[in-house]
Amino acid sequence: PNTQLWLTSPLHTGVIFASSSPQPSLYLASLWYKLNLLKERLQLKNPSATVHCVARLKDYKLVFGNHKGLASDRWHGGVATVENSPGDEVWGVVWRMNMSDLESLDSQENVTLGAYSPVELSVKTKGQELNCRTYIMNSCVYAPPSPQYLQVIVMGAEQNGLPKDYQQKLRAIRTNMYEGPLPVMEELERAMQKARERTNHHGSDIW
761 PNTQLWLTSP
771 LHTGVIFASS
781 SPQPSLYLAS
791 LWYKLNLLKE
801 RLQLKNPSAT
811 VHCVARLKDY
821 KLVFGNHKGL
831 ASDRWHGGVA
841 TVENSPGDEV
851 WGVVWRMNMS
861 DLESLDSQEN
871 VTLGAYSPVE
881 LSVKTKGQEL
891 NCRTYIMNSC
901 VYAPPSPQYL
911 QVIVMGAEQN
921 GLPKDYQQKL
931 RAIRTNMYEG
941 PLPVMEELER
951 AMQKARERTN
961 HHGSDIW
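Sequential numbering of the sequence shown, starting at 761, is according to our numbering.
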């Protein structure tokens, strides 16, 4: 019979199913609202990732900052993490991934560099509670996000159908007003364009 192993980590919450299949899956919840809420961003380096469901993390809040105050050259501002905050909540998305992508995911979240640590947290979805893996920033020094970074997070919330009032809260987050270029946005746009092309191709096949 299949067995279940529940794990969690700093920026992602996930459930690992150890089964007899050749490629066991990892269930991953993007609850800290990092960029992985936008599926094109997560699938750039983790192609097996698929949306599983929407979930809520109680008694935590979304914050922005940098590990040890080291500003992100990639995003030119604070990046997202969660921290304990009784009475607050964070909404996010549970993903399903192949275990073969776990190493890539940890690398993407700078776990080996000590920027984030895996943590086990309980999330709730449709009356069911799951213990999941999420990533939480170490030595976080608060800093506002760039407008571009926040835009990606808001797009992910819209794409995955998070509660409307929570989407409004995300849009109201203050940014650092950075207006310079961000190469990562071009990378993301290319990924989104490929996704649109795949969708159009499948649609033409139907007809």
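Glycine included, each C-beta is placed from N, C-alpha and C at the ideal position.
Who are the near neighbours of residue i in its chain, counting only those whose CB is closer than 8 Å to its CB and skipping five residues on each side?
i	result
Cys-900	Val-823, Gly-825, Asn-826, His-827, Thr-841 and Glu-843
Pro-923	Trp-851
Gly-847	Asp-819
Arg-956	none
Gln-927	Val-914, Ala-917 and Glu-918
What is the DSSP secondary structure of residue i, counted as helix, strand or coil?
i	result
Pro-878	strand
Met-937	coil
Pro-923	coil
Pro-975	Examination of residue 975 is not possible in this model, given that the chain is present from 761 through 967 alone.
Val-871	coil
Leu-817	strand
Gly-916	helix
Lys-828	coil
Leu-942	coil
Applying the criterion that 16 or more other CB atoms from any shown protein chain within 10 Å of the CB defines a buried residue, is residue i buried or exposed?
i	result
Val-830	According to the sequence as given, residue 830 is Leu; it is not Val. Leu-830 should be labelled exposed.
Arg-834	exposed
Gln-908	buried
Arg-893	buried
Pro-943	exposed
Pro-941	exposed
Leu-788	Confidence at Leu-788 is low in this model, with a pLDDT of 48, below 50, so the placement of that residue should be treated as unreliable; the coordinate-derived value is given next. Under this definition Leu-788 is a buried residue.
Asp-867	Asp is not the amino acid found at residue 867; the sequence shown has Ser there. Answer is exposed; the Cβ neighbour count stays below 16.
Leu-817	buried
Gly-916	buried
Within a Cβ cutoff of 7 Å, which residues of the same chain sit near residue i, ignoring the five residues on either side of it in sequence?
i	result
Pro-904	Phe-824, Gly-837, Gly-838, Arg-934, Thr-935 and Asn-936
Leu-910	Ile-933 and Thr-935
Arg-931	Val-914
Ser-832	Asn-826 and Val-839
Output the boundary residues of the beta strand (DSSP E) element that contains residue i.
i	result
Val-901	900 to 902
Arg-834	First-last for Arg-834: undefined, no H or E at that position.
Lys-890	The sequence shown places Leu at residue 890, rather than the Lys named in the question. From DSSP, the beta strand (DSSP E) with Leu-890 extends over 888 to 897.
Is residue i close to chain D? Criterion is C-beta to C-beta, closer than 9 Å.
i	result
Pro-943	No chain D is part of this structure, which consists of one protein chain only.
Which same chain residues, not among the five before or five after residue i, have their C-beta less than 6 Å away from its C-beta?
i	result
Thr-885	Cys-813 and Ala-815
Ser-882	Glu-889 and Asn-891
Lys-821	Ser-845 and Asp-848
Met-744	Any property of residue 744 remains undetermined from this structure, which presents the chain solely from 761 to 967.
Tyr-902	Gly-825
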